[in-house]
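**Q** Let me give you the structure first, and then I'll get to my questions.
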Amino acid sequence: MLDCPLDRLDTSTGQPDLALGEVVQLVEAIARHLRPAEPLQHLKELELAATSGWLLSSSEVEGLVGCKPRVKKGEQQFTRGSFSFVRSGKIGNQSAWKIVRVNFAVIKKQQFI
């Protein structure tokens with residue numbers, strides 16, 4: 050079995066006994082995973098959910114659009130950017146949301162009729 054630095058504990062503190070080099074390696078590994086994703090990745094994921102017909106939970110929608118999904122009283126959907134989110138039941142204790150791609154050409158045409 051390999052000797053993992055996290056397997057060695059400082060008996061006085063109960064914390065991992067890490068040398069400075071090991072701490073640097075650990076921080077670098079964490080930083081590699083924290084790099085921001087591709088800027089448009091959330092839009093690609095929303096597009097995929099919309100075309101696939103998937104229902105997303107409120108927390109999944111919040112993670113993708115950066116805000117909690119909320120609808121006005123008496124309404125079942127809200128629009129943010131190029132997508133509408135339609136309340137469609139429950140997933141556990143959260144609302145389920147169907148994602149629909151907004152077609153702005155249709156909206157503009159309807160506004161002038």
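According to the numbering used here, the sequence shown is numbered sequentially starting from 50.
A virtual CB, placed ideally from N, CA and C, is assigned to each residue, including glycine.
1. On the CB-based measure, 16 or more other CB atoms within 10 Å of its CB, does Leu-51 come out buried or exposed?
2. Pick helix, strand or coil for Leu-89, following the three-state DSSP scheme.
3. Mind reading off the beta-carbon distance from Leu-105 to Ala-98? Whole number of angstroms is fine, and I expect it under 8 Å.
4. With a threshold of 8 Å, are at least 3 pairs of Cβ atoms found where one atom belongs to the segment 71-83 and the other to the segment 116-127?
5. How many whole angstroms separate the CB atoms of Lys-117 and Glu-109, which I take to be in contact at a CB cut-off of 8 Å?
6. Would Ala-99 count as contacting chain D if we go by Cβ distances under 8 Å?
7. Identify every residue that forms a DSSP beta bridge with Val-151.
8. Among residues of its own chain, excluding the 5 on either side of Ser-133, which ones have a beta-carbon nearer than 6 Å to its beta-carbon?
**A** Result, derived from the coordinates:
1. Bear in mind that the predicted position of Leu-51 carries a pLDDT of just 47, short of 50, making it unreliable; the figure below should be weighed with that in mind. That one is exposed.
2. coil
3. 6 Å
4. no
5. Wrong, their Cβ atoms sit about 12 Å apart, outside the cutoff.
6. Absence of chain D from the displayed structure is noted, only one protein chain being present.
7. Beta-bridge pairing links Val-151 to no other residue.
8. Gln-126, Val-149 and Val-151
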